[in-house]
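Working notes, structure below.
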Amino acid sequence: MQIWFIFSLVFAVFVALFAVLNSEIVTIRVLWARYELSQSVVILISAAFGALVTYTMSLFGKFKSSMKSREIKGSVSVLEKQVRTLEEENKNYQIEIERLKAQAHALEASKETQIGETGNK
């Protein structure tokens, strides 16, 4: 950001110097009107108009970026909520798996006990 500011200042100095060195009177025709102005004034007005157009165009770009950023933040929020939901489901499934494993071990132990009792008779 600072490099662009420095570049802009240097460019402005060159434009001003160029305008001062070219200070003859020129005739400007705009549609039906004719104006006689110093060439330096024409150069400075043109440079200022160009800067204004550039600034306006950059505002459109910043607005578009801002809207895209807002959209992305909304998407991130939705995705984070989905992640939390899936993590909770995963946790519940892990608890269910552990419960089923314990139940399976209990059934195996019960089955082995029954087989042992049947074999002893």
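Letter 120 of the sequence shown, counting from 1, is numbered 120 in the UniProt record's numbering, and no numbers are missing.
The beta carbon of each residue, even a glycine, is placed where N, CA and C say it ideally should be.
Since the model is a prediction, treat every value here as computed from it, not as a measurement.
Q | As assigned by DSSP and simplified to three states, the class of residue 36 | A | strand
(Q) Rounding to the nearest angstrom, what Cα-Cα distance links residue 52 and residue 91 in this structure? (A) 58 Å
Q) For residue 30, which beta-bridge partners are listed by DSSP? A) 33
**Q.** Rounded straight-line distance, which links the Cα of residue 117 to that of residue 105
**A.** 18 Å
Q. Would the beta-carbon of residue 46 fall within 8 Å of that of residue 20?
A. no
Q | Span separating the alpha-carbon of residue 89 from that of residue 2 | A | 50 Å
Q | Nonlocal neighbours in the same chain, by C-beta distance under 6 Å from residue 32, ignoring five residues either side | A | none
Q.
Nearest by alpha-carbon distance to residue 8: which of 72, 50, 94 is it?
A. 50
Q) How big is the Cα-Cα spacing for residue 102 and residue 75? A) 40 Å
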